[in-house]
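J.: Here the protein sequences line up with chains A and B, keeping their order.
2 is the number of the first residue of the first sequence in the working numbering; add one for each residue after it.
2 is the number of the first residue of the second sequence in the working numbering; add one for each residue after it.
Quick reminder that beta carbons are idealized off the backbone N, C-alpha and C, glycines included.
Shown below is the structure under consideration.
2 protein chains.
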Amino acid sequence: MIRILLADDEHLIRGAMAALLSLEDDLSVVAQAATGAEALATARVVRPDVAVIDLQMPDLDGVSVAQALSLELPSCSTMIVTSHGRPGHLKRALAAGVRGFLPKTVSSDVLATVVRTVHSGGRYVDPALAAEAISAGDSPLTPREADVLELALEGAPIDEIARRASLSPGTVRNYLSSAVGKTGASNRHEAARAARARGWI
Amino acid sequence: MIRILLADDEHLIRGAMAALLSLEDDLSVVAQAATGAEALATARVVRPDVAVIDLQMPDLDGVSVAQALSLELPSCSTMIVTSHGRPGHLKRALAAGVRGFLPKTVSSDVLATVVRTVHSGGRYVDPALAAEAISAGDSPLTPREADVLELALEGAPIDEIARRASLSPGTVRNYLSSAVGKTGASNRHEAARAARARGWI
DNA sequence: AGAAACCCATGACAGATGTCATGCCCGCTA
DNA sequence: TAGCGGGCATGACATCTGTCATGGGTTTCT
């Protein structure tokens, strides 16, 4: 019997997934959590075989939870389910020791299968997401370019970005211009969105 | 027996919700759909008592589906479930004839209860969302301002917004300028984010 | 040591953008 | 019917941005 910890802030979905997984004879949901911190705390006590964690949660991000779990409970395999599959998330997740990565568009059969796969030491990444991540490629942005683009995400004017990054406005414009070129966008706002979509920031 | 149509693009969640609802003796999920168009087409054939529809779907938005349903199938009560409860959505949904509006954070008990409530002619809106909608206040934006701001959300340059809205660039700039003033932002990108955060678009 | 890449900055210029004034047309309402 | 608010447009102006050239400093690799 595979003992599962389920973490998702959406009560309805968490309960529903628990119901689905429990239909399988060899799977048992032994704990549920609604936040990242709760998931971590619960996992320490319950020591599940597999942790199924939602990517976006109120406090701790799913990847952070996965990272902590892989250090503290190496015997527990972590897998991530998410509604919004960004390539960047996938990369970060794999780097954090996540064994499975699925969008919520998959069927419950797949979910159950992947739980078994990761429990027996395998890995599974949704093919569509994997393809996206590969096609997105590595970030061509330099660290500072990424910093500045991130500050540009909220739509702040250049002067504010410069202040927040402790740079001169001219330098900020140079970085942004470079980033705009690398993303193929026509202005920094588009560039920021594109970079985020590709997981570069 | 209440016959339910379930529409959600996330297969896992849809299946899970179906499983949960089917546990109730008086509820029966008679059809499922993964897109708005599919939901509409299916509803015409199946004629369910209650339609439970996800707000964000690939093609047709949940509210649009609700609107179409309330016209074509007045006997079918529509309710919306969503992950991201924005005040603006709630308002639009109610205007479209939706009878129930829930975030996915609710428990399955509540979901089942609300299904029964709307089926018997009642209405139900999640209290937290209702409070948010009230506190957000009414949008000071004129319809066109809202349209244009929405197109500005993705960071497109003004010429593209003008083309997409079939307006002259000058008019677009006027609307945006007005919207920037009303939101207290310093440029249209900030204005667009602010407006969205307050549920005005 | 030299090349290459990155970090930071300045200056100049063109084009994009925000702001304001002005005008016309329409529908609603007092 | 007159006034008001909104939709749509134009023109002019100041400012903001994006782009490019240039240069000096640092670190890393060969």
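1) Taking Ala94 of chain B as the query, report the chain A residues whose CB atoms sit under 9 Å from its CB, ordered along the chain.
2) Classify Leu24 of chain B as buried or exposed, calling it buried when 16 or more other Cβ atoms lie within 10 Å of its own Cβ.
3) At what residues does the alpha helix (DSSP H) containing Asp160 of chain A begin and finish?
4) Gln57 of chain A by DSSP, collapsed to three states: which one?
5) Which chain B residues are close to Ile14 of chain A, counting only those with a beta carbon under 7 Å from its beta carbon?
6) If I follow the unbroken alpha helix (DSSP H) through Leu177 of chain A, where does it start and stop?
7) Considering Leu22 of chain B, what are the terminal residues of the alpha helix (DSSP H) in which it resides?
8) Let me know if Pro75 of chain A comes out buried or exposed under the rule of 16 or more other beta-carbons within 10 Å of its beta-carbon.
9) Tell me the residue span of the alpha helix (DSSP H) that contains Gly89 of chain A.
10) Looking at the unbroken beta strand (DSSP E) that takes in Pro104 of chain A, where does it start and where does it end?
11) Between A:Leu95, A:Val82, A:Pro128, A:Ala134, which has its C-alpha nearest Ser109 of chain A's C-alpha?
12) For chain A, is any of its Cβ atoms less than 9 Å away from the one on His120 of chain B?
13) Among A:Glu133, A:His190, A:Ala134, which has the Cα closest to the Cα of Pro158 of chain A?
14) Relative to the alpha-carbon of Thr172 of chain B, which residue among B:Pro59, B:Arg145, B:Arg45, B:Val64 has its alpha-carbon at the smallest distance?
15) Since Ala67 of chain B and Ala94 of chain B are thought to touch, with beta carbons under 8 Å apart, how far apart are those beta carbons, to the nearest angstrom?
16) Please determine, among A:Val64, A:Ile54, A:Val115, the residue with the shortest C-alpha to C-alpha distance to Ile14 of chain A.
17) Is the segment 30-49 of chain A touching the segment 111-126 of chain A in the sense that three or more CB pairs, one from each, lie closer than 8 Å?
18) Leaving out five residues before and five after Val99 of chain B in sequence, what residues of the same chain have Cβ atoms less than 6 Å from its Cβ?
19) Going by CA-CA distance only, name the one from A:Ser65, A:Pro170, A:Glu161, A:Leu150 that's closest to Asn188 of chain A.
20) With Leu7 of chain A as the anchor, note down where its beta strand (DSSP E) starts and where it stops.
21) With a threshold of 16 other CB atoms inside 10 Å of the CB of Met2 of chain A, please say whether the residue is buried or exposed.
22) Please state whether DSSP places Val66 of chain A in a helix, a strand or coil.
23) DSSP puts Val204 of chain A in a beta bridge; with which residues?
24) To the nearest angstrom, report how far apart Ile202 of chain B and Asp50 of chain A are at their CA atoms.
25) Does chain A have any CB closer than 9 Å to the CB of Pro170 of chain B?
26) Grab the span of the beta strand (DSSP E) containing Ala29 of chain A for me, first residue to last.
27) Taking its Cβ as the centre, do 16 or more other Cβ atoms sit within 10 Å of His90 of chain B, making it buried, or is it exposed?
28) Should Pro158 of chain B be flagged as near chain A, meaning a C-beta pair shorter than 9 Å?
29) Under the three-state reduction of DSSP, which class applies to Leu81 of chain A: helix, strand or coil?
30) Residues in the same chain with beta-carbon distance under 7 Å from Ala166 of chain A, minus the five sequence neighbours each way, listed in chain order, please.
31) Give me the DSSP bridge partner(s) of Val51 of chain B.
32) Select from the segment 134-146 of chain A all residues with a C-beta closer than 8 Å to any C-beta belonging to chain B, and list them in chain order.
33) With which residues is Val126 of chain A paired in a DSSP beta bridge?
34) By how many angstroms is the C-alpha of Val46 of chain B removed from the C-alpha of Asp139 of chain B?
T.: Reading it off the structure:
1) Counting from 1 along the second sequence, the entry for residue 94 of chain B is found at position 93. Close to Ala94 of chain B, with beta-carbon spacing below 9 Å, lies no residue of chain A; the smallest spacing is near 17 Å.
2) Here residue 24 of chain B refers to the residue found at position 23 when the second sequence is read from its first residue. Classification for Leu24 of chain B: exposed.
3) In the first sequence, the residue the question calls residue 160 of chain A occupies position 159. That run of the alpha helix (DSSP H) goes 159-166.
4) By one-based count along the first sequence, residue 57 of chain A stands at place 56. Looking at Gln57 of chain A - three-state DSSP - the assignment turns out to be coil, as it is neither helix nor strand.
5) The residue you call residue 14 of chain A lines up with position 13 of the first sequence. Neighbourhood of Ile14 of chain A in chain B, by CB distance below 7 Å: Ile14, Ala17, Lys105, in chain order.
6) Residue 177 of chain A sits at position 176 when you count from the first residue of the first sequence. Counting along the chain, the unbroken alpha helix (DSSP H) around Leu177 of chain A starts and ends at 170-184.
7) Within the second sequence, numbered from 1, the residue matching residue 22 of chain B stands at position 21. Segment 12-23, the alpha helix (DSSP H) holding Leu22 of chain B.
8) Here residue 75 of chain A corresponds to residue number 74 of the first sequence, with the count starting at 1. Exposed is the call here.
9) Walking along the first sequence from the start, residue 89 of chain A turns up at place 88. Under the DSSP assignment, Gly89 of chain A falls in the alpha helix (DSSP H) whose first and last residues are 88-96.
10) Residue numbering aside, residue 104 of chain A sits at position 103 when the first sequence is read from its first letter. Segment 101-104, the beta strand (DSSP E) holding Pro104 of chain A.
11) Sequence index remark: in the first sequence, residue 109 of chain A carries index 108 (1-based). Nearest C-alpha to Ser109 of chain A: A:Val82.
12) As a working note, residue 120 of chain B is residue 119 in the second sequence. By this cut-off, His120 of chain B is not an interface position.
13) Mapped onto the first sequence, residue 158 of chain A falls at position 157. Measuring from the Cα of Pro158 of chain A, the nearest candidate turns out to be A:His190.
14) Counting from one through the second sequence, the residue named residue 172 of chain B turns up at place 171. Thr172 of chain B has its Cα closest to that of B:Arg145, out of B:Pro59, B:Arg145, B:Arg45, B:Val64.
15) What you label residue 67 of chain B is simply residue 66 of the second sequence in a count that begins at 1. What you label residue 94 of chain B is simply residue 93 of the second sequence in a count that begins at 1. A Cβ-Cβ distance of about 6 Å is found for the pair Ala67 of chain B and Ala94 of chain B, placing them in contact under the 8 Å criterion.
16) Position 13 of the first sequence, counting from 1, holds the residue named residue 14 of chain A. Ranking A:Val64, A:Ile54, A:Val115 by Cα distance to Ile14 of chain A puts A:Ile54 first.
17) No: the two stretches stay apart, fewer than three of their Cβ pairs being nearer than 8 Å.
18) Here the question's residue 99 of chain B lines up with position 98 in the second sequence. Closer than 6 Å at Cβ, skipping near neighbours: Ala67, Thr79, Ile81.
19) The residue given as residue 188 of chain A occupies position 187 in the first sequence. Closest by alpha carbon: A:Leu150.
20) Within the first sequence, numbered from 1, the residue matching residue 7 of chain A stands at position 6. Taken as a continuous stretch (DSSP letters only), the beta strand (DSSP E) holding Leu7 of chain A covers 3-8.
21) Here the question's residue 2 of chain A lines up with position 1 in the first sequence. Around the CB of Met2 of chain A, fewer than 16 other CB atoms lie within 10 Å, so the residue is classed as exposed.
22) Walking along the first sequence from the start, residue 66 of chain A turns up at place 65. Helix at Val66 of chain A.
23) Chain A is shown only over 2 to 202; residue 204 of chain A falls outside these bounds and no answer can be derived.
24) Working through the second sequence from its first residue, we reach residue 202 of chain B at position 201. Working through the first sequence from its first residue, we reach residue 50 of chain A at position 49. If you take the alpha carbons of Ile202 of chain B and Asp50 of chain A, they lie about 44 Å apart.
25) Indexing the second sequence from 1 puts residue 170 of chain B at position 169. For Pro170 of chain B, the answer is no, since every Cβ of chain A falls outside 9 Å of its Cβ.
26) Residue 29 of chain A sits at position 28 when you count from the first residue of the first sequence. This sequence places Ser at residue 29 of chain A; Ala is not what is there. Annotation for Ser29 of chain A: the continuous beta strand (DSSP E) segment containing it runs 28-34.
27) Mapped onto the second sequence, residue 90 of chain B falls at position 89. Buried, by the Cβ-count rule.
28) If you number the second sequence from 1, residue 158 of chain B lands on position 157. For Pro158 of chain B, the answer is yes, since a Cβ of chain A falls inside 9 Å of its Cβ.
29) Residue numbering aside, residue 81 of chain A sits at position 80 when the first sequence is read from its first letter. Per the sequence shown, the amino acid found at residue 81 of chain A is Ile instead of Leu. In the structure shown, Ile81 of chain A sits in a strand (DSSP, three-state: E or B).
30) Position 165 of the first sequence, counted from the first residue, corresponds to residue 166 of chain A. Cβ neighbours of Ala166 of chain A beyond the five flanking positions: Asp148, Val149, Leu152, Val173.
31) In the second sequence, the residue the question calls residue 51 of chain B occupies position 50. DSSP lists B:Ile5, B:Ser78 as partners of Val51 of chain B.
32) Within the segment 134-146 of chain A, no residue has a Cβ that lies closer than 8 Å to any Cβ of chain B.
33) The residue you call residue 126 of chain A lines up with position 125 of the first sequence. According to DSSP, Val126 of chain A bridges with A:Phe102.
34) Translated into positions along the second sequence, residue 139 of chain B becomes position 138. Translated into positions along the second sequence, residue 46 of chain B becomes position 45. When rounded, the distance between both Cα atoms is 38 Å.
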